[in-house]
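The structure under discussion appears below in the form of structure tokens.
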Amino acid sequence: MDQKGQSYRGQRGQSKVAFPDGAGCVHFHETKLKELFWNIRFYYTKTEQAAFFRPILGNDREFRKKVLDNYRNARTVKELAYLCGYSLSTFKRNFSKEFREPASEWLQKQINSIIKYKLDNEDTPIGIIAEELHFSSQPQFCRYCKRNFGYTPGEWRELLKNKNKTPKRLSDRV
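Numbering (UniProt numbering), first residue to last: 1 to 174.
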């Protein structure tokens, strides 16, 4: 970060930058975003634009939307397939084609991200987080965190309080 800007965390944990000269205002960013899309539109062919945006949009927007709307309510790929209205085999095939990785790996990454966010940014009791994320019990949630992150949820929060930064082992694994 250069000396003119100061970095901070927004309400949802996104990294943001505030510039003392006002360049961090919404209107500035909106103008720059319009400029970016204008440049993309006029200096790149439709084929180049499609190649650029494909990782974001994918081929099957309806399938992607169903997945993104339902993954927070599923703990397993089978549950996610059911919530999206597909058989397990069809779901896995479509998922691999659309997201370019196995559904089980993607779902675990999403669950891990949600856990990290909730432990980082909320004072919600660990038992409530376990319940919200559909773990059968708080001890199961603690074992999951220990196995996947190397820390229990309580250890994670304690380290954040003491060090005021992300523990290295957890940030490396997720």
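Idealized CB from N, CA, C, for every residue including glycine.
Is the Cβ-Cβ distance between A74 and K92 less than 7 Å?
-> No, they are not a contact pair.
Just the C-alpha distance for Q49 and V67, rounded to the nearest angstrom, thanks.
-> CA-to-CA, the gap between Q49 and V67 works out to about 24 Å.
- Which residues in the same chain as C145 place their Cβ atom closer than 8 Å to its Cβ, once the five residues preceding and following it in sequence are excluded? Taking C-beta separations shorter than 8 Å and ignoring five residues to either side along the sequence, the partners of C145 in its chain run I115, Y151, T152, P153 and W156, following chain order.
Which term fits F37, buried or exposed, when burial requires 16 or more other beta carbons within 10 angstroms of its beta carbon? By the 16-neighbour rule on beta-carbons within 10 angstroms, F37 is exposed.
Original post:
By DSSP, does residue 226 sit in helix, in strand, or in coil?
Top reply: Only positions 1 to 174 of the chain appear in this structure, which leaves residue 226 out of reach.
| CA-CA distance, L33 and P139? | For L33 and P139, the distance between alpha carbons rounds to 46 Å.
Where V134 sits in the DSSP three-state scheme:
In the sequence under discussion, the amino acid at residue 134 is His, which differs from the Val named in the question. Three-state DSSP puts H134 in coil, outside helix and strand.
| query | What distance in whole Å lies between the Cβ atoms of D120 and L159, which are believed to be in contact at a cut-off of 8 Å? | reply | Incorrect: roughly 11 Å between the Cβ atoms, too far for contact.
Grab the span of the alpha helix (DSSP H) containing residue 177 for me, first residue to last. With the chain running from 1 to 174 in the structure shown, residue 177 is simply not present.
Checklist line | Simplified DSSP state of G85, which is helix, strand or coil | finding: It is coil, neither helix nor strand.
_Spatial neighbours of T99 in its chain, beta-carbon cut-off 6 Å, leaving aside the 5 residues before and after_ = According to the sequence displayed, residue 99 carries Phe and not Thr. W106.
> Between T124 and the rest of its own chain, which residues show a CB-CB distance below 7 Å, the 5 nearest in sequence each way excluded?
Replying inline: Short of 7 Å from the beta carbon of T124, and not among the five residues preceding or following it, lie these beta carbons of its own chain, in chain order: K118.
- Item | 8 Å Cβ shell around G85 - same chain, five flanking residues per side excluded | Counting only Cβ-Cβ distances below 8 Å, and skipping sequence neighbours, we find K66.
Following a CB-centred definition, is A50 positioned closer than 6 Å to any heavy atom of the ligand MG? Judged by which ligands are present, the structure shown has none, so any question about the ligand MG falls away.
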